[in-house]
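Asker:
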Amino acid sequence: MPIVELRGVSKIYPPHEKGGSDVVAIDDVSLAVEAGDVYGIIGYSGAGKSTLVRLVNALERSTSGEILINGRDIAGLAERELRSVRLGIGMIFQQFNLLGSRSVAANVSYPLEVAHRPKAERAKRVAEMLDFVGLADKARAYPDQLSGGQKQRVGIARALASQPAILLADEATSALDPETTHEVLDLLTRVNREFGVTIIVITHEMDVIQTIASKVAVMDQGRVIERGDVFDVFSNPQQPASARFVSTVVKGIPSADELAVLRRRHPGRIVSLAFRDNTVDQARVFGELARAGVAFEVVFGGINEVQGRSFGHLTLALSDATAADARTASAGSADDRIDAVLDRIRTLTTVTEVR
Amino acid sequence: MESLIELLPQLWKAAGETLYIVGLTLFFGGLGGLIVGLGLYLTRGGSLLANKPVFVVLNLLVNFVRPIPFIIFLAAAQPLARLVVGTGIGNNAIIFTISLAASFAMGRIVEQNLLTVTPGVIEAARSVGAGTARIIFTVLLPEALGPLILGYTFIFVALVDMSAVAGYVGGGGLGNFALLYGYRQFNPIVTWAAVLLIIVLVQLVQYLGNTLARKAFRR
């Protein structure tokens, strides 16, 4: 049984102005997160990611559909009943959302106070959690005195204080610099491995998904347009919209501007090839080009590493390598020979003709 | 000058009355302001107890009462004072009326101070299962404490201002003293003495408010 499951969930806001049309924030989303997963939800801003994650702990109420937490539908629960559900679901935020009027220790203690835990137990748990996030020496400090990375670590300690089974991370690293981002992601990985906490990560950063997620869902205009293993979705996106999104974050795919530069610089044929893991043999692809007498130059490219597996894209500028005298002797023009070899390569991998 | 020395006992008595009126109105008006402000804040769209009709009525009421010049409000609210405190004149009547007016003025200030609390912090509290009452007392009020202290310091001056017209309905205080012994006796020195006392009082309270607010802000 999935620990979190959405079945046909929609969230519709009333029109902003009179006579306007309803705003569909979440459009018939179904999603299952297994216990122990680190599940990434990625998409452009405005795709509905933040709303979706808030449906899981009912900070936002769904308009229709079922939201099952450990098999229990929380969609119809009253606000009062939801409070105990929320104690089992931690949440961290982009802006950390620490209570400025409380010390670090008192922030971490807050969920335990809400849960009416005795004082001695709270103190013990707060010390444990601050130790876990490496901020034991900051217990008496106030949030104002901390750096962004430290604030998020306090946020994590607070979110986990009541020992929830689920952690929701809403753009938790988007306000942090790259180095701090990795510290926080390492911490989240430990949370997942050491405590077995299921993590749902909302982000627009490929880096975050690549580093910690095992599964990913791509959102666009309130819908989940694609989902699966992180490697599959990023190396071989099926939907045009997710391909478009993936291309903005995956290394090696030239942007429209970069393509224009490449076309200007290389007058001949230009193609992009996709490589995935061991399923595409680079040596065979390049061998085919060499045998056909087609010279190539790698003009753009990149190889990405996801979950210990690699995939990438290489853009090649092709030109005729045969000598001028042989050219007249060989059958057909250079273009024909390039077409022929590209057809053979197409049986090996995906070929995109840029020109 | 000699007349001022003669009047010193009355001056101290008046100062005491001003403190009495302002102290009690700060308490009742402050409490009322907190309730009105919380009401405005909590019922506005998207807030914890969002309720459009209640918000609209409360908002209208505040906008309706606030612009009325106090001396006119004092007369207009006299029947209400009679109903609630049993008399339309004297210090008790003026305390009631000032508290009522201050509730609406302070309500607006409290509302604005609460709006400075980041919505994300409230969301964080909700995400761990905190209910509305807990959020008010453990998040909203503590997080807005600094601005609230400055808001109450600000309203204190307004209370001193309002208390000055107490004399019109038979109340006491420094305003009444200045009118009675200074203005009407053509004795500006007496008036200035009352003014000086008021300035000292306001300065003291402003200093106290700033100090407390700084403590709350420092965190």
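First to last, the protein sequences are chains A and B. The opening position of the first sequence corresponds to residue 1 in UniProt numbering, with each subsequent residue numbered one higher. The opening position of the second sequence corresponds to residue 1 in UniProt numbering, with each subsequent residue numbered one higher. Every residue gets a Cβ at the ideal spot worked out from N, C-alpha and C, and that includes glycine.
(1) By Cβ distance below 6 Å, which residues in the same chain neighbour A136(A) in space, the five residues on each side in sequence not counted?
(2) What is the DSSP secondary structure of residue 400(A), counted as helix, strand or coil?
(3) Can you list the residues of chain B that F93(A) reaches, using a CB-CB cut of under 7 Å?
(4) Which stretch, first to last residue, makes up the beta strand (DSSP E) that contains F275(A)?
(5) Under 7 Å, CB to CB, which of the residues in the segment 76-101 of chain A have a partner in chain B?
(6) With a 10 Å radius around its C-beta and 16 neighbouring C-beta atoms as the bar for buried, classify L114(B) as buried or exposed.
(7) With a CB to CB cut of under 7 Å and the five nearest residues on each side skipped, what residues in its chain are close to residue 386(A)?
(8) A81(B) and M162(B) look like a contact to me (Cβ under 8 Å); what is the Cβ gap, rounded to whole Å?
(9) Residue range of the beta strand (DSSP E) that T173(A) falls in?
(10) What do you get for Q307(A), buried or exposed, if any count of 16 or more other CB atoms within 10 angstroms of its CB means buried?
(11) I26(A) and residue 378(A) - do their beta-carbons sit closer together than 8 Å?
(12) Let me confirm a value: S101(A) is counted as buried when at least 16 other C-beta atoms fall within 10 Å, else exposed. Which label applies?
(13) Taking the alpha helix (DSSP H) that I156(A) belongs to, which residues open and close that run?
(14) Hey, quick one: how far does the alpha helix (DSSP H) through V184(A) stretch, first residue to last?
(15) Less than 8 Å between the C-beta atoms of T349(A) and V250(A), yes or no?
(16) Assuming A58(A) contacts V85(A) (C-beta within less than 8 Å), just tell me the rounded distance between them.
(17) Classify R214(B): buried if its beta carbon has 16 or more other beta carbons within 10 angstroms, exposed otherwise.
(18) Can you find a C-beta in chain B that's less than 8 Å from the C-beta of Y110(A)?
(19) Just mark A329(A) as buried or exposed, buried being the case when its beta carbon has 16 or more other beta carbons within 10 Å.
(20) From A120(A) to S109(A), what does the alpha carbon distance come to, in whole angstroms?
(21) Kindly list, in the order they appear in chain A, the residues whose Cβ is closer than 7 Å to that of A130(B).
(22) The beta strand (DSSP E) with E232(A) in it runs from where to where?
(23) Report yes if the C-beta distance between L159(B) and L38(B) is below 8 Å; otherwise report no.
(24) Do we get a CB-CB distance below 8 Å when we pair N70(A) with the residues of chain B?
(25) Are three or more beta carbon pairs between the segment 173-182 of chain A and the segment 9-22 of chain A nearer than 8 Å?
(26) So, is the C-beta of S162(A) closer than 8 Å to a C-beta in chain B?
(27) Enumerate in chain order the residues of its own chain whose CB-to-CB distance from residue 289(B) is below 7 Å, with the five nearest sequence positions on each side excluded.
(28) Rounded to whole angstroms, what's the CA-CA distance from I12(A) to G76(A)? Just pull it up for me.
(29) Could you tell me which whole alpha helix (DSSP H) segments of length 4 or greater appear in the segment 53-96 of chain A?
(30) Indicate the three-state DSSP secondary structure (helix, strand or coil) for P164(A) in the structure shown.
(31) Would R263(A) be called buried (16 or more neighbouring beta carbons within 10 Å of its own) or exposed?
(32) P142(B) CB to nearest chain A CB: under 8 Å?
(33) How would you call K49(A), buried or exposed, if buried means at least 16 neighbouring beta carbons within 10 angstroms?
(34) Which residue comes first and which comes last in the beta strand (DSSP E) that contains R66(B)?
(35) Would you mind telling me which residues of chain B sit closer than 7 Å to L59(A), beta carbon to beta carbon, in chain order?
(36) I'd like the list of long-range same chain contacts for I135(B), defined as Cβ closer than 8 Å, with 5 residues on each side in sequence excluded.
Answerer: With the given structure in hand:
(1) Around A136(A): L130.
(2) The structure shown does not extend to residue 400(A), since chain A is modelled only from 1 to 355, so the question has no answer here.
(3) G120, A124
(4) 269-276
(5) R83, S84, R86, L87, M91, F93, Q95, N97, L99, G100, S101
(6) buried
(7) Nothing can be reported for residue 386(A): it is not among the residues displayed for chain A, which extend from 1 to 355.
(8) Taking C-beta atoms under 8 Å as the contact rule, A81(B) and M162(B) fail to qualify, at a distance of about 14 Å.
(9) For T173(A), no beta strand (DSSP E) run applies, since DSSP gives it neither H nor E.
(10) exposed
(11) What is shown of chain A runs 1 to 355, which leaves residue 378(A) out entirely.
(12) buried
(13) 148-160
(14) For V184(A), the uninterrupted alpha helix (DSSP H) segment begins and ends at 178-195.
(15) no
(16) 7 Å
(17) exposed
(18) yes
(19) Confidence at A329(A) is low in this model, with a pLDDT of 47, below 50, so its placement is unreliable and no value can be given for it.
(20) 11 Å
(21) V114
(22) Going by the sequence as given, residue 232(A) is Asp instead of Glu. Annotation for D232(A): no beta strand (DSSP E) segment contains it, though the alpha helix (DSSP H) segment containing it runs 230-235.
(23) no
(24) no
(25) no
(26) By this cut-off, S162(A) is an interface position.
(27) The requested residue 289(B) is not part of the displayed model; chain B covers only 1 to 219.
(28) 16 Å
(29) 79-87
(30) Coil at P164(A), not helix or strand.
(31) With fewer than 16 Cβ atoms within 10 Å of its Cβ, R263(A) is classed as exposed.
(32) yes
(33) buried
(34) From DSSP, R66(B) is part of no beta strand (DSSP E); its letter is neither H nor E.
(35) E123, R126, S127
(36) For I135(B), where only same-chain residues beyond five positions count, the Cβ hits under 8 Å are L48, I122, A125, R126.
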